[in-house]
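Data first, discussion second: the structure below is written as structure tokens.
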Amino acid sequence: PKIHDKHDEL
Amino acid sequence: MNVFRLVGDLSHLLAIIILLLKIWKTRSCAGVSGKSQILFSLVFITRYLDLFTNFISVYNSVMKIIYLVTSLGTVYLMYFKFKATYDSNHDTFRIEFLVVPVGGLSFLVNHDFTPLEILWTFSIYLESVAILPQLFMISKTGEAETITSHYLFALGSYRALYIVNWVYRYYTEGFFDLIAIVAGCVQTILYCDFFYLYITKVLKGKQLKLPA
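Going down the list, the protein sequences come from chains A and B. Note that this note's numbering numbers the first sequence so that position 8 is 2, with each residue one more than the last. In this note's numbering, each residue's number is its place in the second sequence (first place is 1) plus 6.
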């Protein structure tokens, strides 16, 4: 998974 | 961002605010598990280290900071300002039984063996079980104040909405994160018993009391 997605969620 | 995510985030925020207001207005943290609140603070501290490494959006950063500050504020109120009202006799869950296995698991099952990634994984696993001291406390005393049950309902709804968000994201973006999904489902399942009591009792105007 893209690293962006994980940090996007709280 | 989709509507389930947004409502989930707001529900999470509402939960934290309900708890803070309850403590502040009644000048008392009776019936609230300080151990759960410490665990939630630990969850936010270990997860939001990404504030320093990944900028996503203003919304994202602001919400992370609000969650951090409000959860640390709750711990401060419980352990310092209103410490005299803290019901430590009933808050006897041993948190090392959660933190140690969760720490071990986050070393073993993660996406990437790097410090930040392990801490992120730790925060996800820990969040899934962080409510247990609170539920344990309620089972010990056999009851919860109505305001505390509203808090728990908002907190449980947040994770349930995140599951819907993940289903939606899977179909629209092809995105899924197995660690977050499994932990999120575990977390939501822990609330099911409480949801049942909340709907059958609290919503009908009764106090939440466990059957003897």
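Heads up, the beta-carbon is just placed ideally off N, CA and C, and yes, glycines get one too.
Counting the other CB atoms within 10 Å of its CB gives B:D56 a total of 16 or more, which places it among the buried residues. Residues of the stretch 35 to 69 of chain B whose Cβ lies closer than 7 Å to any Cβ of chain A, in chain order: D56, N60, I62, N66 and M69. Counting only residues of its own chain and dropping the five nearest sequence neighbours on each side, B:V13 has a CB closer than 7 Å to the CB of L167. DSSP, reduced to helix, strand and coil, places B:L216 outside both helices and strands of the structure shown, so it counts as coil.
Sequence-distant Cβ neighbours of B:N8 in its own chain, meaning closer than 8 Å and more than five residues away, are N171, Y174, R175 and T178. If you compare the alpha carbons of B:N116, B:Y92 and B:K87 with that of B:A189, the shortest gap goes to B:N116.
Secondary structure of B:A150 (DSSP, three-state): strand. Ranked by Cα distance from B:T98, the options B:I144, B:F58, B:V108 and B:D199 are led by B:I144. Around the beta-carbon of B:Y65, fewer than 16 other beta-carbon atoms lie within 10 Å, marking it exposed. DSSP places B:S17 inside the alpha helix (DSSP H), whose first and last residues are V9 to T32. Distance from the CA atom of B:K212 to the CA atom of B:L25, rounded to whole angstroms, is 20 Å.
Here B:L104 is buried: its Cβ has 16 or more other Cβ atoms, across all protein chains shown, within 10 Å. Close CB contacts of B:Y164 within its chain, under the 8 Å cut and outside five residues either way in sequence, are with G14, D15, S17, H18 and A21 (chain order).
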